[in-house]
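Structure, as structure tokens:
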DNA sequence: CCTAATATATCGGAAGCCAGGATATTGTGC
DNA sequence: GCACAATATCCTGGCTTCCGATATATTAGG
């Protein structure tokens with residue numbers, strides 16, 4: 150055991166922060182909150198959700214009938230929220246460290262990007 | 150194909166930003182730049198390096214004898230640097246989005262962490 | 001010389017991701 | 001009412017990625 154959380158799990162937890170959501174709802178929210186930078190696939194979703202439930206980070210909120218099929222809504226648990234807070238901090242710190250290194254070594258910019266200020 | 154870059158690849162590229170490094174050198178630098186938040190395994194390293202070389206993001210810099218074995222030093226290519234710049238920005242934006250959502254929904258902090266200001 | 005420590009690199013199994021498919025309902029045209 | 005398309009949920013099989021264990025080589029200690 151080494152990996153705390155996969156990147157997909159991180160986005161799914163984030164999508165659940167402001168309330169329970171069901172399958173497609175999660176997919177849509179991930180696209181929205183990352184402004185299209187992440188395209189969570191349906192095939193990925195359920196496997197990750199199962200893992201998150203097994204780990205106690207997410208739990209079933211309720212089931213609602215919708216067009217003949219049951220929609221399962223999932224909810225973030227306290228433990229899930231804690232892990233998410235920690236992971237967000239970890240990822241941001243690491244991304245910053247990378248940016249810092251790039252800056253220090255010159256050319257941070259790709260063609261077209263605006264300068265420092 | 151969907152995944153631009155894995156997390157491990159991101160850290161390896163970052164470790165190469167300020168100059169060529171060899172196997173264990175990369176492992177050490179990743180630990181240092183992430184202040185221990187990432188523990189890159191040797192078993193992971195070479196597979197990822199092979200992929201990065203195949204993708205043209207990294208290339209062999211030189212080989213130096215060291216204690217009877219050859220040390221292979223790897224170097225970041227221009228394309229690798231560009232990808233890294235983009236990925237760092239993407240990850241930072243996503244981590245920020247998560248933090249923003251957590252803030253907006255109340256309790257951002259885990260026990261013990263200091264407050265906002 | 002034997003053992004431990006250090007360092008490089010590989011390999012095979014486990015875990016994770018996702019395209020494609022199965023299933024079910026609603027809506028539209030005929 | 002029926003065929004077909006569109007929408008939505010969820011699973012499965014295969015491919016990719018990760019990493020524990022292992023193999024090899026050198027140096028240091030006893």
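Protein chains in written order, with the numbering used here: chain A, 150 to 266; chain B, 150 to 266.
All residues carry an ideal CB built from backbone N, CA and C; glycine is no exception.
Keep in mind it's a predicted model, so treat the numbers as computed, not measured.
Cross-chain neighbours of residue i in chain A, by beta carbon under 8 angstroms
| i | result |
| --- | --- |
| residue 213 of chain B | By Cβ distance, chain A contributes nothing, its closest Cβ being about 22 angstroms from residue 213 of chain B, past 8 angstroms. |
| residue 237 of chain B | 244, 247, 248, 251 |
| residue 187 of chain B | 243 |
| residue 254 of chain B | 166, 167 |
| residue 226 of chain B | None at all; the shortest Cβ gap to chain A is about 13 angstroms. |
| residue 233 of chain B | 247, 251 |
Residue environment, residue i, which counts as buried when at least 16 other CB atoms sit within 10 Å
| i | result |
| --- | --- |
| residue 264 of chain B | Low local confidence applies: a pLDDT of 40 at residue 264 of chain B is under 50, so the model's placement there is unreliable, and no value is given. |
| residue 181 of chain B | exposed |
| residue 211 of chain A | exposed |
| residue 173 of chain A | exposed |
| residue 232 of chain B | buried |
| residue 150 of chain B | Confidence at residue 150 of chain B is low in this model, with a pLDDT of 44, below 50, so its placement is unreliable and the value that follows should be read with caution. It counts as exposed. |
| residue 213 of chain A | exposed |
| residue 240 of chain B | buried |
| residue 261 of chain A | With a pLDDT of only 41 at residue 261 of chain A, under 50, the local geometry of the prediction cannot be trusted, and no value is derived from it. |
| residue 195 of chain B | exposed |
| residue 162 of chain A | buried |
| residue 253 of chain B | exposed |
| residue 259 of chain A | Reliability fails at residue 259 of chain A, whose pLDDT of 49 lies under 50, so the model's placement of it is uncertain and the value that follows must be treated cautiously. Exposed is the call here. |
Beta carbon of residue i nearer than 8 angstroms to that of residue j
| i | j | result |
| --- | --- | --- |
| residue 208 of chain B | residue 154 of chain B | no |
| residue 223 of chain A | residue 190 of chain A | no |
| residue 244 of chain A | residue 244 of chain B | yes |
| residue 179 of chain B | residue 166 of chain B | no |
| residue 234 of chain A | residue 251 of chain B | yes |
Candidates the options, of which the one nearest residue i by Cα
| i | options | result |
| --- | --- | --- |
| residue 230 of chain A | A/249, A/206, A/192 | A/206 |
| residue 201 of chain B | B/240, B/249, B/225, B/241 | B/225 |
| residue 197 of chain B | B/228, B/158, B/176, B/216 | B/158 |
| residue 156 of chain A | B/252, B/251, B/247 | B/247 |
| residue 238 of chain B | A/254, A/183, A/175 | A/183 |
| residue 185 of chain B | A/204, A/242, A/168, A/216 | A/242 |
| residue 221 of chain A | A/253, A/249, A/199, A/227 | A/199 |
| residue 228 of chain B | B/255, B/192, B/217, B/203 | B/203 |
| residue 193 of chain B | B/255, B/160, B/168 | B/160 |
Chain-ordered neighbours of residue i on chain A, where CB pairs are closer than 7 angstroms
| i | result |
| --- | --- |
| residue 201 of chain B | The premise fails here: residue 201 of chain B is roughly 15 angstroms from chain A at the closest Cβ pair, so nothing lies under 7 angstroms. |
| residue 208 of chain B | Near residue 208 of chain B there are no residues of chain A at all, since even the closest Cβ is about 17 angstroms away, more than 7 angstroms. |
| residue 182 of chain B | 246, 250 |
| residue 240 of chain B | 240, 244 |
Inside the region 172-227 of chain B only - beta strand (DSSP E) runs reaching at least 3 residues: For the region 172-227 of chain B, whole beta strand (DSSP E) runs of length 3 or above, ordered along the chain, are 207-215, 218-225.
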